[in-house]
Amino acid sequence: MPAPNRPNGPVHPKPYDIVQFPKTPPQKCPPIGHHQYFGDRLHGVLTLELTVGTGVHVSTGAIMMGSDVGENGIPLIKTMQQTGDKPSIPGSSIKGVVRSIYEAITNSTLGVVTSKWEYKNQIDKNRWPCNKKEQLCPASQVFGAIDWQGLISFRDARCTSSKFSTGFMPSLYRPRPDQRRAYFNPVARKFYYHAAKAVSGGDKGIPVQQISQKQVFETQLQFKNLTEAEFGTLLIALGQAPNYPFALKAGAGKPIGLGTLEVKVKQLTIPSSLQDRYSHYEDQSKILTDKELITFINTAIATSHKVKLVQVQQLQQLQAILDYPTTRSAPDGMY
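Its first residue numbered -15, the sequence shown is counted upward by one per residue in my numbering.
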């Protein structure tokens, strides 16, 4: 097989690593359903704060004149989504990031696989996405699958500031499994490392709207009919486990260090009585914060380990990749 065309110069270490699939096939069963709220399950809203670690760019797919977005010195710029006058990250983007982690730390199928048969056929069919509502893996139960909406939803995350900064992203290239077979691993999931600092293309890079370091987004995660173990695993996937802390990686530029988001749970709102919730105007929900919230979170996380919904080996592999803060450097050249 011909080697890919590369410029002369050093080849940098890969900015990613893999989390192996569990050795046993996923257990699949029908979902709980949306027809009622079950009294022995958890329902409520998590309020989350996302702090930017290295800059974040979630593209709209549109390129605009710089003068149209207040950047008069830049001819063209890749834009990022905003809601009203606030920069924002789509809830669907956050959900996708968290789902990929939830899949990796539970014995679940892949959410998406390549449509190219030559690669898809190398993946164990037990890991192909769930396509029957009556047979869903643990991640599909919570996040959804074909003909199943799932049990959680994320609101768009809005930045507390109202201004974008301008970054210059180096040219990035598509994956080339046809030229480098080692890239394609049919028995594992790939995750990008965090970096202490993102690489910039300087004024020769691609201009992009981005949110700079230490800026904060706020969002909410609504959930219903989750078991305590599912809720605990969801919290682990958000980086909240005391023994396995990590940050999320979202948006474009992951190989060069962009996209780091640290998650903090600000509060948990739980309806005291589902009957009262929908039969009275007054909101009787219970709001957990501080020590009470931490206790609730740790109990749910302990339950997810107790019933072995979480695969400890996979969680350890993932935490080693997504650990943050870090002193790791992103590659500033071809890798």
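Don't be surprised by glycine CBs; every beta carbon is placed ideally from N, CA and C.
Coarse secondary structure for residue i, derived from DSSP in three states
i, result
"Leu245", "strand"
"Gln381", "Any property of residue 381 remains undetermined from this structure, which presents the chain solely from -15 to 319."
"Gln268", "coil"
"Pro239", "helix"
"Tyr157", "coil"
"Lys79", "helix"
"Ile89", "helix"
"Ile136", "strand"
"Leu218", "helix"
"Gly306", "Correcting the residue type first, residue 306 is Leu in the shown sequence and not Gly. Leu306 falls in the helix class under three-state DSSP."
For residue i, the residue or residues it bridges with in DSSP
i, result
"Phe148", "DSSP lists no partner for Phe148."
"Ser72", "Arg142"
"Val183", "Looking at the DSSP assignment, Val183 forms no beta bridge with any residue, so it has no partner."
"Gly317", "None; Gly317 has no bridge partner."
"Pro191", "Phe152"
"Tyr103", "Beta-bridge pairing links Tyr103 to no other residue."
"Asp1", "Phe175"
"Thr31", "Gln204 and Gln251"
"Leu26", "Leu210"
"Val36", "Leu245"
Buried or exposed by the 16-neighbour rule on C-beta atoms within 10 Å, applied to residue i
i, result
"Cys13", "exposed"
"Lys109", "exposed"
"Glu266", "exposed"
"Glu87", "buried"
"Tyr157", "exposed"
"Lys64", "For the sequence presented, residue 64 should be read as Met rather than Lys. Result: buried."
Range of the contiguous beta strand (DSSP E) that encloses residue i
i, result
"Asn209", "Val200 to Leu210"
"Lys109", "It is not in any beta strand (DSSP E) - Lys109 carries neither H nor E in the DSSP assignment."
"Asp274", "It is not in any beta strand (DSSP E) - Asp274 instead sits in the alpha helix (DSSP H) that spans Asp274 to Lys290."
"Arg325", "Shown here, the chain extends from -15 to 319; a query on residue 325 therefore has no answer."
"Ile61", "Leu60 to Met64"
"Gln197", "Careful: Gln197 lies outside any beta strand (DSSP E) and carries neither H nor E."
"Ala46", "Ser43 to Met49"
Extent of the continuous alpha helix (DSSP H) to which residue i belongs
i, result
"Ser124", "Pro122 to Phe127"
Within-8 angstroms CB hit, residue i to chain D
i, result
"Gly186", "This model lacks chain D altogether; it includes just one protein chain."
Anticipated Cβ contact below 8 angstroms, residue i with residue j, distance rounded
i, j, result
"Leu30", "Leu232", "Their Cβ separation, rounded to whole angstroms, is 14 angstroms, which puts Leu30 and Leu232 out of contact at 8 angstroms."
"Phe152", "Ile195", "The Cβ separation is near 15 angstroms, so there is no contact."
"Ile78", "Thr203", "7 angstroms"
"Gly50", "Ile58", "3 angstroms"
"Pro113", "Thr150", "Actually they are not in contact, since the Cβ atoms of Pro113 and Thr150 sit about 38 angstroms apart, beyond 8 angstroms."
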